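Yeah, the sequence shown ends on 643 if you go by the working numbering, and it's all consecutive. Just so it is clear, CB atoms sit at the ideal spot from N, CA and C, and this is done for glycine as well. These numbers were taken from a predicted model, which means no experiment stands behind them.
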Amino acid sequence: MSILKVVEDRPTPSAVYNWRVYLLAAVASCTSCMIGYDSAFIGTTLSLDSFKSEFGFNEMSDSTRNLISANIVSCYQAGAFFGAFFAYPIGHFWGRKIGLLASGLIFTLGAGLMLGVTGDRGLGLLYGGRVLAGLGVGAGSNITPIYISELSPPAIRGRLVGVYELGWQVGGLVGFWINFGVDETMEPSHKQWLIPFAVQLIPSGLLLIGCYFLRESPRWLFGRGRREDAIKNLCWIRQLPEDDIYMIEEIGAIDQALEEQRRSIGVGFWKPFQAAGTNKKVMWRLFLGSALFFWQNGSGINAINYYSPTVFKSIGVRGTNTSLFTTGIFGVVKTVVTFVWLLWLIDQVGRRNLLLIGAAGGSACLWVVGAYIKIAKPENNTSETLSGGGIAAMFFFYLWTVFYTPTWNGTPWVLNSEMFDPNMRSLAQACAAASNWLWNFLVSRFTPQMFTAMGYGVYFFFASMMIISIVFVFFLVPETKGIPLESMDQLFDIKPVRHAHGKMVAQLRENEEQFRQDVEAAGIDVGKVRPEQIEDTAAQPKFA
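Given below as structure tokens:
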């Protein structure tokens, strides 16, 4: 099997897999570059001697320093929590494109405020800027996966939403290495620690420029009654004419899904809220989507992202520069395996299997790291070099990264972007993104205190959480790869969960074959069918 081979739900013209759909996904994913960079650079910037000296960190007690560091990091997540919900009305009333533009503008304002921070002025501007930046990325984390999933062909939807995760990792890679670079090449100064803050403006600037080239989501336009604009955008994205059989099927499926939505949930701003409170199926899927981010953060990833110098110090790494270098390698490993996840794993291995494999392998690695710290007590090591046991612990830490990154890091975002009806998708993604930022906030806020109070127990805690997540996924989360967005309701109705995907794919292929037989029976050439020739909507296949 080729690494770029796709598994299709129906025969798909090669023109559908074109550069336009990848370009739109890449531009929208500048939001995740903003997120990834911030999650990586802030912890290492706070560890720079120039930053600690300017703000008097060296004169503070450990508890005071931990509290201030946690506040600087976590106020960003608090802003992102509210930003995820703030994006819902924007995306609903004004569209995905305007939502992405608003995300970039707010983040840019926040990043600009941070550049005014000095030791004399105190940390007020830093707190305010990080809250605004958090609002921006929270909005982006809501809208971007929705936008990408709504324009994606089913066979490469995971790969395209994976571009969002790739942007996260590319931003993180720069963020992990930026402080190593300034520490190596510059003397400690105000400028040394300010440069990493200024680099935040690059991804947000690219997003603002890229918004000029974005096309509005066709599915959002259909939902707002702008049918001609929707078809025009969909044909442009697919590079197919309106009368192509593939376009007929896709437009018919969108119409059918919207009609079903009007009957079941309703169309309007408040209808998803009503459905969330009264429809048990909707409530269940909202729970599943939000819970995935509880387990994601329960793996310990954000404790490592935001406080990587603290993590490596606990394993026995000594010296600021060495710690920054080790953190940079962590970023490289994450980025490399993300490419493997994006190009092959997500749409070949599937979402469900990735989560199960990642949790099992990652948990085993953390048990080993925690056991090493308990037995060897590396905090008592005065040497600047790691012992043999320390090197082995570092190996298992990086192995944990290899297990975690292509599984739990991006897969929950893919699942949440595709498991809801069109009218529920914005609210559901807001809930999922808010769940991510809520747990992210709690982890980032209390990680320094956890390491102080629990020591090696932190690794055992995260390892245990990953074991429990296996049970959750195995019994509750169905596979969604290759399933059209308009068929997700049927998928989640099939029990047991572990067999749902196979049964759904078989049904989709049966529907496709029946549709083509009906068209041929009517004496119409399948390759030349026109929209006005298909009057019976019941005969249209349930694809998109």
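Item: For LEU503, count neighbouring C-beta atoms within 10 Å of its own C-beta (all shown protein chains included) and say buried if the count is 16 or more, exposed if not.; Value: Here residue 503 is Tyr; the residue named in the question, Leu, does not match the sequence. Classification for TYR503: buried.
Item: Quick one: which unbroken alpha helix (DSSP H) runs of 4-plus residues sit fully inside the region 458–536? Chain order, please.; Value: 487–503 and 510–517
Item: Give me the Cα-Cα distance between TYR406 and ILE567, rounded to the nearest whole angstrom.; Value: 24 Å
Item: To test your reading of the DSSP string, which unbroken beta strand (DSSP E) runs of 3 or more residues are found completely within the region 162–190?; Value: none
Item: Three Cβ pairs or more, each shorter than 8 Å: is that satisfied between the region 316–333 and the region 186–201?; Value: yes
Item: Anyone know if the C-beta pair for ALA114 and GLN548 falls short of 9 Å?; Value: no
Item: Pop quiz: GLY203 and LEU306 are said to be a contact at Cβ under 8 Å. What is the actual Cβ separation, rounded to whole angstroms?; Value: 4 Å
Item: Can you look up THR579 in the DSSP assignment and give me helix, strand or coil?; Value: coil
Item: Please report how far the alpha carbon of SER363 lies from the alpha carbon of GLY235, in whole angstroms.; Value: 33 Å
Item: What would DSSP say about THR111, mapped onto helix, strand or coil?; Value: coil
Item: Counting beta carbon pairs with one atom in the region 150–157 and one in the region 338–356, are three or more of them shorter than 8 Å?; Value: no
Item: For GLY324, name the three-state secondary structure that DSSP assigns.; Value: coil
Item: Classify GLY218 as helix, strand or coil using the three-state DSSP reduction.; Value: coil
Item: In this structure, how does DSSP classify ASP354 when only helix, strand and coil are distinguished?; Value: helix
Item: Using only CA atoms, which one of PHE560, MET565, PRO595 and SER586 lies nearest to VAL576?; Value: PRO595
Item: Grab the span of the alpha helix (DSSP H) containing PHE312 for me, first residue to last.; Value: Unbroken run through PHE312: none, as it is neither H nor E.
Item: Go ahead and label TYR311 buried or exposed: buried means 16 or more other beta carbons lie within 10 angstroms of its beta carbon, across all protein chains shown.; Value: exposed
Item: Just to confirm my understanding: we take TRP538, look at its own chain, exclude 5 residues before and 5 after, and list those with CB closer than 7 Å. What are they?; Value: PHE392, PHE393 and ASN396
Item: Give a yes or no on whether 9 Å exceeds the smallest Cβ distance from SER128 to chain B.; Value: Of the protein chains in this structure there is only one, and it is not chain B.
Item: Mapping the DSSP letters down to three states, classify GLY415 as helix, strand or coil.; Value: coil
Item: Are the beta-carbon atoms belonging to VAL216 and GLY233 less than 9 Å from one another?; Value: no
Item: Tell me the DSSP secondary structure of GLU341 in three-state form.; Value: coil
Item: Identify whether MET285 lies in helix, strand or coil by the three-state DSSP scheme.; Value: coil
Item: Can you give me the start and stop residues for the alpha helix (DSSP H) that HIS600 sits inside?; Value: 599–620
Item: Report, in whole angstroms, the separation of the C-beta atoms of LEU498 and PHE561, which I expect to be a contact under 8 Å.; Value: No, LEU498 and PHE561 are not in contact; Cβ-Cβ is about 15 Å, not under 8 Å.
Item: In angstroms with no decimal places, state the Cα-to-Cα distance between TRP267 and LYS433.; Value: 10 Å
Item: Are VAL366 and VAL436 closer than 9 Å when you measure CB to CB?; Value: no
Item: Using the Cα positions of LEU224 and CYS174, report the straight-line distance between them to the nearest angstrom.; Value: 12 Å
Item: Just to check my reading of the structure: PHE368 and HIS598 have Cβ atoms closer than 8 Å, yes? What is that Cβ distance to the nearest angstrom?; Value: With a Cβ gap of about 37 Å, PHE368 and HIS598 do not count as contacting.
Item: Between the Cα of GLU283 and the Cα atoms of SER149, LEU250, GLY218 and ALA186, which residue gives the shortest distance?; Value: SER149
Item: Just checking my contact of ILE245 with SER516 at CB under 8 Å: how many whole Å lie between their CB atoms?; Value: 6 Å
Item: Counting C-beta neighbours from all protein chains within 10 Å, is the total for LYS412 16 or more, i.e. buried, or is it exposed?; Value: buried
Item: Evaluate contact between the region 519–531 and the region 466–477, counting only Cβ atoms and requiring at least three cross-stretch pairs below 8 Å.; Value: no
Item: What is the rounded straight-line gap between the Cα of LEU455 and the Cα of THR506?; Value: 8 Å
Item: Would you mind sorting THR143 into buried or exposed? The rule is 16 or more other CB atoms within 10 Å of its CB.; Value: buried
Item: Taking the continuous alpha helix (DSSP H) assigned at GLN299, which residues delimit it?; Value: Run containing GLN299: none; DSSP gives neither H nor E here.
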